[in-house]
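Structure first, then comments.
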Amino acid sequence: MISAQGGGVVTNSGITVNYSVGQQSVTGTSSGTYVVQQGFQQNNWSKIINKNTDSIQTTLFPNPFIEYITFRFSSSPGTKVNAMVFDILGRLIHSQVVVNENNEIKLNLSRLSSAEYLIRLTSSNYEYATTIIKE
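Residue numbers (our numbering): 4 to 138.
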């Protein structure tokens, strides 16, 4: 979902409804605690990003990037961090284990095409996901 417009709403009963370009309303039908998504430009990245570890604050720069992207941690996520990059279709296109030095890791992603990606960083006590943009 790149450059799409839309939005979402949580109903009084706690149901989340997401909608995308071309839809006239945010209404739908459901029962129980379902997430209802309407339209044809939906992704599940927001669910993955919402699982981020709160105890370790993560900043990244630059974003958008050209060759390298750096992640800085407020405290150590562990000695080694697993970095996985997914394309817009959810395919794993890059995976590597990176050594954490001084609470920072730097990834060379120069081989990626210009696009938006989901990156997921994990270790034994850390989970972080966000979108990154390759120029």
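For glycine and all other residues, C-beta sits at the position ideal for the given N, C-alpha and C.
Query	Result
Could you give the DSSP three-state label for residue 49: helix, strand or coil?	helix
Can you tell me whether DSSP reads residue 134 as helix, strand or coil?	strand
Assuming residue 123 is part of the beta strand (DSSP E), what are its boundary residues?	118-126
Going by C-alpha distance, which of 123, 54, 72, 137 is nearest residue 86?	123
Which residue's Cα is closest to the Cα of residue 94: 105, 74, 14, 48?	48
For residue 64, does the count of other Cβ atoms within 10 angstroms reach 16, so buried, or fall short, so exposed?	exposed
Between which residues of its own chain and residue 59 is the CB-CB distance below 7 angstroms, once the five residues before and five after are set aside?	76, 77, 78, 80, 129
Nearest by alpha-carbon distance to residue 121: which of 106, 132, 102 is it?	132
Pull up the CB-CB distance for residue 68 and residue 119, whole angstroms please, since I reckon it's below 8 angstroms.	Contact doesn't hold; Cβ gap of about 12 angstroms is too wide.
Are residue 72 and residue 110 close, meaning C-beta to C-beta below 9 angstroms?	yes
Work out the CA separation of residue 101 and residue 83 for me, nearest whole Å.	6 angstroms
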